[in-house]
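Heads up: the structure comes next, in structure tokens.
Numbering (our numbering), first residue to last: 1 to 126.
As structure tokens, then:
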């Protein structure tokens, strides 16, 4: 039981750490923006939310939601870095962060929707 809880905590911590590192590297090097303490706090809060969502999906054994959420986070980080690199005459940093947030919300909502649809399908199939 304890080992099982540790697995979910480790998954959430790993997702939070990877999210923080991708945000930091993306904004520092791809967008070439200066990083200050308020930025680091915002990255940490966002990363804890991402890690918490992934850990909770894993804890409640919502595999479809977890994989959908992680796939959307991957797409979101890809879109963020792509927007940073393309420039867009000063709007790339804002558009990049907004696309990351939109993809994370899409990942949570779509994951829960797919999980609920699969649950209802199994329930009424019988």
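Each residue gets a CB set at the ideal place from its N, CA and C atoms; glycine is no exception.
| query | result |
| --- | --- |
| Spatial neighbours of residue 113 in its chain, beta-carbon cut-off 7 Å, leaving aside the 5 residues before and after | none |
| Three-state secondary structure (DSSP) of residue 71 | helix |
| For residue 59, three-class secondary structure by DSSP | helix |
| Residue interval of the alpha helix (DSSP H) (run including residue 125) | 92 to 125 |
| Assigned exposure category for residue 85 - 16 Cβ within 10 Å defines buried | exposed |
| Spatial distance of residue 109 from residue 59 (CA atoms) | 18 Å |
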